[in-house]
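Chains as they are written, first to last, in my numbering: chain A, 245 to 370; chain B, 245 to 370. Heads up, the beta-carbon is just placed ideally off N, CA and C, and yes, glycines get one too. A quick write-up on the structure given underneath.
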DNA sequence: GGTATAATGCAAATCCATTCGCATTAACAG
DNA sequence: CTGTTAATGCGAATGGATTTGCATTATACC
């Protein structure tokens, strides 16, 4: 039977605290603040589990590679801050999907990645 | 000194004929139609060369991985047909970049990936 | 508490894309 | 043509992300 472990709890906690898509390294670092022995293989195993359970989903970011984010947020886009290197979820979508492609293309979905500086980095730059 | 080779000419030719972003495997396959001995390592070497020369640029497609496309086309988006698995360049951009993110985010660039069925596959489906 | 065994930590193994070493081939200057 | 050496083809090597094997740890049912 499946058991609750402090390491899985820590990983879930990281996502609840950060509320943004995270990569392996970030998960590992933040998770270790709670369970210092936390191991990379354990992170991979639990991520797979959480994805299978539908609690997380994988995304492929063109600049950051594989990231994981909580499911159930609805359609949204991603913003990558080149200053702190974090990725944020941006609510809302104004793209007219079908109008984005010429006649003849059947558009079923889309992904938008924005790049720039996040509010907290912008503030810290004066 | 740099020499012209039939294999590099073939690779350039592939891009001129296809007019869309291509992955290693596609370049290799189409290139072999012209130079049958064409080798993967040679493709990699020439792609690097053409990128350094500014004739090609790399893109990272979330579903297709690394692709190469001709430079000088200006800002555009990419469409991935899940039927033929090809990626197309779509001219034009209607996204109001700054409006795509909430107050506080400084948006400097963006990439849009569309998914669906391309015109030729749509036609072949009746 | 005691036990069965799921889950962890660790290091080694695997996978896949890309690069490299080197003998061979072929551009191109003379 | 001929010689020089850049470029190719091939297979082996590399690098990074992910996975696996196994001894050890720790959860949860008794």
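In this structure, how does DSSP classify residue 335 of chain A when only helix, strand and coil are distinguished? By one-based count along the first chain, residue 335 of chain A stands at place 91. Taken through DSSP and simplified to helix, strand or coil, residue 335 of chain A comes out as strand.
Alpha carbon to alpha carbon, how far is residue 324 of chain B from residue 334 of chain B? Numbered from 1 along the second chain, position 80 holds the residue referred to as residue 324 of chain B. Numbered from 1 along the second chain, position 90 holds the residue referred to as residue 334 of chain B. The straight-line gap from Cα to Cα measures roughly 10 Å.
Taking any Cβ of chain A, which residues in the stretch 261-294 of chain B have a Cβ under 8 Å from it, in chain order? If the cut-off is 8 Å between Cβ atoms, the stretch 261-294 of chain B has nothing near chain A.
Run through DSSP, which three-state label would residue 282 of chain A get? Working through the first chain from its first residue, we reach residue 282 of chain A at position 38. Note: residue 282 of chain A maps to coil in three-state DSSP.
Near residue 275 of chain A, what residues of its chain come up, given a Cβ to Cβ distance below 6 Å and the 5 sequence neighbours on each side ignored? Here residue 275 of chain A refers to the residue found at position 31 of the first chain. Answer for residue 275 of chain A: 254, 255, 258, 282, listed in chain order.
Based on DSSP bridge pairs, tell me the residues matched to residue 315 of chain B. The count along the second chain starts at 1 and reaches residue 315 of chain B at position 71. None; residue 315 of chain B has no bridge partner.
Taking just the CA atoms, how far does residue 332 of chain A sit from residue 368 of chain B? Here residue 368 of chain B corresponds to residue number 124 of the second chain, with the count starting at 1. Here residue 332 of chain A corresponds to residue number 88 of the first chain, with the count starting at 1. Each residue's alpha carbon lies about 40 Å from the other.
Within the continuous alpha helix (DSSP H) that includes residue 365 of chain B, where are the two ends? Taking the first residue of the second chain as position 1, residue 365 of chain B is located at position 121. Unbroken alpha helix (DSSP H) run through residue 365 of chain B: 363-368.
Neighbouring residues, chain B, relative to residue 352 of chain A (Cβ below 9 Å): As a position in the first chain, residue 352 of chain A is number 108, starting the count at 1. Chain B residues near residue 352 of chain A: 326, 358, 359, 360, 361.
Give the interface partners of residue 338 of chain A over in chain B, defined as CB-CB distance under 9 Å, in chain order. Position 94 of the first chain, counting from 1, holds the residue named residue 338 of chain A. Within chain B, the residues placing a beta-carbon under 9 Å from that of residue 338 of chain A are 339, 340, 343, 344, ordered along the chain.
List, in chain order, every chain B residue whose beta-carbon is nearer than 7 Å to that of residue 300 of chain A. Position 56 of the first chain holds residue 300 of chain A. Neighbours of residue 300 of chain A on chain B: none; closest Cβ ~17 Å, over 7 Å.
Which residues bound the alpha helix (DSSP H) around residue 300 of chain B? Within the second chain, numbered from 1, the residue matching residue 300 of chain B stands at position 56. Counting along the chain, residue 300 of chain B falls outside any alpha helix (DSSP H), though it belongs to the beta strand (DSSP E) covering 300-305.
For residue 327 of chain B, the nearest candidate out of B:280, B:364, B:267 (CA to CA): Position 83 of the second chain, counted from the first residue, corresponds to residue 327 of chain B. If we check each option's Cα against that of residue 327 of chain B, B:364 comes out closest.
Cross-strand partners of residue 355 of chain B (DSSP beta bridge): Translated into positions along the second chain, residue 355 of chain B becomes position 111. For residue 355 of chain B, DSSP records a beta bridge to A:357.
Burial state of residue 298 of chain A, where buried means 16 or more other Cβ atoms lie within 10 Å: Position 54 of the first chain, counted from the first residue, corresponds to residue 298 of chain A. The residue is exposed, with fewer than 16 neighbouring Cβ atoms inside 10 Å.
I believe residue 305 of chain A touches residue 357 of chain A by the beta-carbon criterion, under 8 Å. Please report the beta-carbon distance rounded to the nearest angstrom. The residue you call residue 305 of chain A lines up with position 61 of the first chain. The residue you call residue 357 of chain A lines up with position 113 of the first chain. The C-beta separation of residue 305 of chain A from residue 357 of chain A comes to about 7 Å, placing the pair in contact by the 8 Å criterion.
Identify whether residue 259 of chain B lies in helix, strand or coil by the three-state DSSP scheme. Working through the second chain from its first residue, we reach residue 259 of chain B at position 15. It is helical.
Cβ pair residue 267 of chain A, residue 311 of chain A closer than 8 Å: For the purposes of this step, residue 267 of chain A is taken as residue 23 along the first chain, with counting starting at 1. For the purposes of this step, residue 311 of chain A is taken as residue 67 along the first chain, with counting starting at 1. Taking 8 Å as the cut-off, the Cβ atoms of residue 267 of chain A and residue 311 of chain A count as close.
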